[in-house]
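**Student:**
Residue numbers (the numbering used here): 221 to 315.
1. Pull up the distance between the alpha-carbon of residue 260 and that of residue 250, whole angstroms please.
2. Just curious, the alpha helix (DSSP H) that residue 258 is in, first and last residue?
3. Quick one: residues in its chain with C-beta nearer than 7 Å to the C-beta of residue 239, no 5 flanking neighbours on either side, listed in chain order?
4. I need the straight-line Cα distance from residue 226 to residue 270, nearest angstrom please.
5. Just tell me which of 242, 253, 283 has its CA closest to the CA of residue 221.
6. Tell me the residue span of the alpha helix (DSSP H) that contains residue 234.
Next comes the structure, spelled out in structure tokens:
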């Protein structure tokens, strides 16, 4: 599939990209190259192949879901740049 300059101009407008008029032919050529590559990918037979989320088979590590009373306030607030009375202190942003 070939992209002409008018289509490249429209794509740039829709993407809110400021492309100078003299750069449109190069953009059209690059977009045509991308679409050509996508057409090549469509020719690959993927029948019976499951989708992958990673190139290596991995499972997420699981932890026991246990309810606790917390009790980590001191540890958490130790990393805060400013903590007062057991809470994070942040600058006032609304008058």
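For every residue, glycine included, the Cβ atom is placed at its ideal position computed from N, Cα and C.
Since the structure is predicted, the reported quantities are computational estimates derived from the model, not experimental observations.
**Tutor:** Quick look at the numbers:
1. 15 Å
2. 244-262
3. 232, 247
4. 39 Å
5. Residue 253 holds the alpha-carbon nearest to the alpha-carbon of residue 221 among 242, 253, 283.
6. 225-234
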